[in-house]
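**Student:**
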Amino acid sequence: TVKKDEVANGTPTSGNGRGRKYRYDEDDLEAETARSSKLMMPDNEETGAREMFDEIMLEGYETCMQGIEELRLAMDSEAKKKNGKAARGKKSEAVDLRTMLIHCAQAVAAGDRRGATELLRQIKQHSGPTGDATQRLAHCFAEGLEARLAGTGSQVYQSLVAKRTSVVEFLKAYKLFMAACCFKKANFGFANKTILNAVTGKPRLHIVDFGVQYGLQWPGLMRWLAQRDGGPPEVRITGIDLPQPGFRPARQVEETGRRLSSCARELGVPFKFHGVAAKWDTVRAEDLRIDPEEVLVVHCQCGLRNLMDDSVAVTTSSSSPRDVVLRNIRDMRPDVFVECVANGGYGAPFFVTRFREAMFFYSAHFDMLDATIPRDNDVRLLIEQDLIGPGALNVIACEGADRVERPETYRQWQARNRRAGLRQLPLDPEVVGMVREKVREHYHKDFLIDVDHQWLLQGWKGRVLYALSTWVADDNSY
Numbered sequence: 001t002v003k004k005d006e007v008a009n010g011t012p013t014s015g016n017g018r019g020r021k022y023r024y025d026e027d028d029l030e031a032e033t034a035r036s037s038k039l040m041m042p043d044n045e046e047t048g049a050r051e052m053f054d055e056i057m058l059e060g061y062e063t064c065m066q067g068i069e070e071l072r073l074a075m076d077s078e079a080k081k082k083n084g085k086a087a088r089g090k091k092s093e094a095v096d097l098r099t100m101l102i103h104c105a106q107a108v109a110a111g112d113r114r115g116a117t118e119l120l121r122q123i124k125q126h127s128g129p130t131g132d133a134t135q136r137l138a139h140c141f142a143e144g145l146e147a148r149l150a151g152t153g154s155q156v157y158q159s160l161v162a163k164r165t166s167v168v169e170f171l172k173a174y175k176l177f178m179a180a181c182c183f184k185k186a187n188f189g190f191a192n193k194t195i196l197n198a199v200t201g202k203p204r205l206h207i208v209d210f211g212v213q214y215g216l217q218w219p220g221l222m223r224w225l226a227q228r229d230g231g232p233p234e235v236r237i238t239g240i241d242l243p244q245p246g247f248r249p250a251r252q253v254e255e256t257g258r259r260l261s262s263c264a265r266e267l268g269v270p271f272k273f274h275g276v277a278a279k280w281d282t283v284r285a286e287d288l289r290i291d292p293e294e295v296l297v298v299h300c301q302c303g304l305r306n307l308m309d310d311s312v313a314v315t316t317s318s319s320s321p322r323d324v325v326l327r328n329i330r331d332m333r334p335d336v337f338v339e340c341v342a343n344g345g346y347g348a349p350f351f352v353t354r355f356r357e358a359m360f361f362y363s364a365h366f367d368m369l370d371a372t373i374p375r376d377n378d379v380r381l382l383i384e385q386d387l388i389g390p391g392a393l394n395v396i397a398c399e400g401a402d403r404v405e406r407p408e409t410y411r412q413w414q415a416r417n418r419r420a421g422l423r424q425l426p427l428d429p430e431v432v433g434m435v436r437e438k439v440r441e442h443y444h445k446d447f448l449i450d451v452d453h454q455w456l457l458q459g460w461k462g463r464v465l466y467a468l469s470t471w472v473a474d475d476n477s478y
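For reference, each letter of the sequence shown is one residue, going 1 to 478 in the UniProt record's numbering.
#1: Using the beta-carbon count (16 or more within 10 Å), is Glu254 buried or exposed?
#2: Report the three-state DSSP secondary structure of Ser469 (helix, strand or coil).
#3: For Ala392, tell me which candidate among Cys64, Tyr157, Glu339 has the shortest Cα-Cα distance.
#4: Do Arg113 and Leu145 have their C-beta atoms within less than 8 Å of each other?
#5: Can you list, in chain order, the stretches of the beta strand (DSSP E) that have 3 or more residues and sit fully within the segment 150–231?
#6: Using the Cβ count rule (16 or more neighbours within 10 Å means buried), how would you classify Tyr346?
#7: May I ask you to list the residues that DSSP assigns as paired with Thr238?
#8: Any idea what DSSP makes of Val336, helix, strand or coil?
#9: For Asp450, write down the residues that DSSP places opposite it in a beta bridge.
#10: Quick one: grab the DSSP three-state call for Arg463.
#11: DSSP three-state label for Cys300, please.
#12: Just confirm the distance between the C-beta atoms of Asp367 and Trp460, as a whole number of angstroms; I'd bet it's less than 8 Å.
#13: Answer yes or no: do His299 and Val338 have a C-beta to C-beta separation smaller than 8 Å?
#14: For His274, is the classification buried or exposed, using 16 other Cβ atoms within 10 angstroms of its Cβ as the cut-off for buried?
#15: Can you check whether the C-beta of Lys202 is within less than 8 Å of a C-beta belonging to chain C?
#16: In terms of residue numbering, what span does the alpha helix (DSSP H) encompassing Gln125 cover?
#17: Taking 7 Å as the limit between beta carbons, can you name the residues of its chain near Gln385, skipping five residues before and five after?
#18: Let me confirm a value: Asp309 is counted as buried when at least 16 other C-beta atoms fall within 10 Å, else exposed. Which label applies?
#19: Taking only the alpha-carbon atoms, compute the straight-line gap between Gly257 and Lys172 and give it to the nearest angstrom.
#20: Exposed or buried, what is Leu176 when buried is set at 16 or more other beta-carbons lying within 10 Å of its beta-carbon?
#21: Taking the alpha carbon of Lys82 as the point to measure from, which residue in Val379, Asp450, Pro374 has its own alpha carbon closest?
#22: Closest to Met222 by C-alpha separation, out of Leu137, Asp96, Phe350, Gly60, would be which residue?
#23: Short of 7 Å in beta carbon distance, which residues of its chain neighbour Asp446, apart from the five on each side in sequence? Order them along the chain.
#24: So what's Val352 in DSSP terms, helix, strand or just coil?
#25: Would Gly220 and Gln301 be called neighbours here (beta carbons separated by less than 8 Å)?
#26: Just to confirm my understanding: we take Thr238, look at its own chain, exclude 5 residues before and 5 after, and list those with CB closer than 6 Å. What are they?
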């Protein structure tokens, strides 16, 4: 028997002891909607978000180009206001703030509460959420150090996660980030062009998307497919995301499926959506209704860094969840696995090393936002405090299973993928060229696009922040 509250979330399955999954298909949802329209009625926030979703999904390219132009004009206006003021004093303060942050982290690690508290007081005095890039970074990192010193890191992080940015605010931040920063747009372009090439001349496509979230990547691919000579293929997306807290664990993935289905109808693309709300390491090939007649693509955007790493395997004498996921992807035998990873050394077990690496990674993000978005932009504050801030706090203030931000470098991921039985494919020069050209044409000159060991690298001012690659199952690993 199934509890009543689980019926609204699709079909719960036990997964043979591997953890509960909540599945949902469009047909199931339509029937459930007819029976319980009240349950699916959007609230005012969702009603406000609907127009934004429609704009982003159906006019994504035009919206992004308009945003880029508006930002360019706003930054020109801010530069004129500054009127060439010398920033020499600020530069020395920035150096002092970074040094103070490192010294404070060392004091916290050494248990020097008095020294750490005094350094925190000085850092907070000279930093703030509306200053320059270094002042904003210092404000963010000081909050993490303060929580670590108080021993409240886990509680503070959980409260930030529970607060959850509203859908409308998230979409505002998403639009601004897409206009200011090339990373997501380059990720989407790389993945979509790779998928388009894989499905050339084929009638059916199945995408397994780990971390589907709001599905904002896929309307762009559907637009390309709709224009394909001979018509679009049948498209099936299996969207996988973690269960949401509360009464309806699969709510977000259900809503994503509905929006993508509506978008596909508008574009004339035959489409089905299958949602799975479950821990990623419980999702196996046999759960996904894989059809050998379909082109199978597995896709993951940066989410693998949030799975537990080998430090967990050492304590449990079993494989780490990230290795389990990679082996399960190998067992799916995709035509291509498109992987994007955050390139960072701030997954290190030792706190001071981790803190220093996190400072390099996050300072590049704050600097990039400072160079591309005016300082008085309220949505920039939203990006920094609600989207970037919680991750930084988790790295600094949390330990053990509570520390969910555990990135690796792209070369470490390369070795891990190979151990899991995956074989790397060479980068397609046409895809690389397309990404380079789009970034050069539309974005700030300090964005980095490079290639190394068959990874497409993205970064800011020479620091590599993200990396993309493509893989298939290695037949020699069986």
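Yeah, the Cβ is synthetic: ideal placement off N, Cα and C, and Gly gets one too.
Being a predicted model, the structure only gives us computed values, none of them experimental.
**Tutor:** So, to answer that:
#1: Walking along the sequence shown from the start, residue 254 turns up at place 254. Looking at its Cβ environment, which holds 16 or more other Cβ atoms inside 10 Å, Glu254 is buried.
#2: Walking along the sequence shown from the start, residue 469 turns up at place 469. Residue state, collapsed to three classes: strand.
#3: Position 392 of the sequence shown, counting from 1, holds the residue named residue 392. Checking every option, the nearest Cα to that of Ala392 belongs to Tyr157.
#4: Along the sequence shown, one-based indexing puts residue 113 at 113. Along the sequence shown, one-based indexing puts residue 145 at 145. The answer is no: Cβ separation not under 8 Å.
#5: 204–210
#6: Within the sequence shown, the letter at position 346 stands for residue 346. So Tyr346 counts as buried.
#7: Position 238 of the sequence shown, counting from 1, holds the residue named residue 238. Bridge partners of Thr238: Val208, His274.
#8: Position 336 of the sequence shown, counting from 1, holds the residue named residue 336. Note: Val336 maps to strand in three-state DSSP.
#9: As a first step, residue 450 is located in the sequence shown; it is residue number 450 there, counting from the start. Asp450 pairs with Leu457.
#10: Taking the sequence shown and counting its residues from 1, one reaches residue 463 at position 463. Three-state result, Arg463: strand.
#11: The count along the sequence shown starts at 1 and reaches residue 300 at position 300. Three-state DSSP puts Cys300 in a strand.
#12: Counting from one through the sequence shown, the residue named residue 367 turns up at place 367. Counting from one through the sequence shown, the residue named residue 460 turns up at place 460. The Cβ separation is near 7 Å, so the contact holds.
#13: Residue numbering aside, residue 299 sits at position 299 when the sequence shown is read from its first letter. Residue numbering aside, residue 338 sits at position 338 when the sequence shown is read from its first letter. In contact: His299 and Val338 (Cβ atoms closer than 8 Å).
#14: Taking the sequence shown and counting its residues from 1, the one referred to as residue 274 is at position 274. Buried, because 16 or more other Cβ atoms sit within 10 Å of the Cβ of His274.
#15: Here there is only one protein chain, and chain C is not present.
#16: Position 125 of the sequence shown, counted from the first residue, corresponds to residue 125. Residues 113–126.
#17: Along the sequence shown, one-based indexing puts residue 385 at 385. Excluding residues within five positions, the ones whose Cβ falls inside 7 Å are Pro129.
#18: Mapped onto the sequence shown, residue 309 falls at position 309. With 16 or more Cβ atoms within 10 Å of its Cβ, Asp309 is classed as buried.
#19: Walking along the sequence shown from the start, residue 257 turns up at place 257. Walking along the sequence shown from the start, residue 172 turns up at place 172. Cα to Cα, the separation comes out at about 21 Å.
#20: For this step, residue 176 is matched to residue 176 along the sequence shown. When all chains shown are included, Leu176 counts as buried.
#21: If you number the sequence shown from 1, residue 82 lands on position 82. Checked all of Val379, Asp450, Pro374; the closest Cα to Lys82 is Pro374.
#22: Numbered from 1 along the sequence shown, position 222 holds the residue referred to as residue 222. When only C-alpha atoms are compared, the closest one is Gly60.
#23: For the purposes of this step, residue 446 is taken as residue 446 along the sequence shown, with counting starting at 1. So the list reads Ala371, Trp460, Lys461, once near-sequence residues are dropped.
#24: The residue labelled residue 352 in the question sits at position 352 within the sequence shown. DSSP places Val352 in helix when its eight states are reduced to three.
#25: In the sequence shown, residue 220 corresponds to position 220, counting from 1. In the sequence shown, residue 301 corresponds to position 301, counting from 1. In this structure, Gln301 does not lie closer than 8 Å to Gly220 by Cβ.
#26: Position 238 of the sequence shown, counted from the start, is the residue given in the question as residue 238. Here the set comprises Val208, His274, Leu288.
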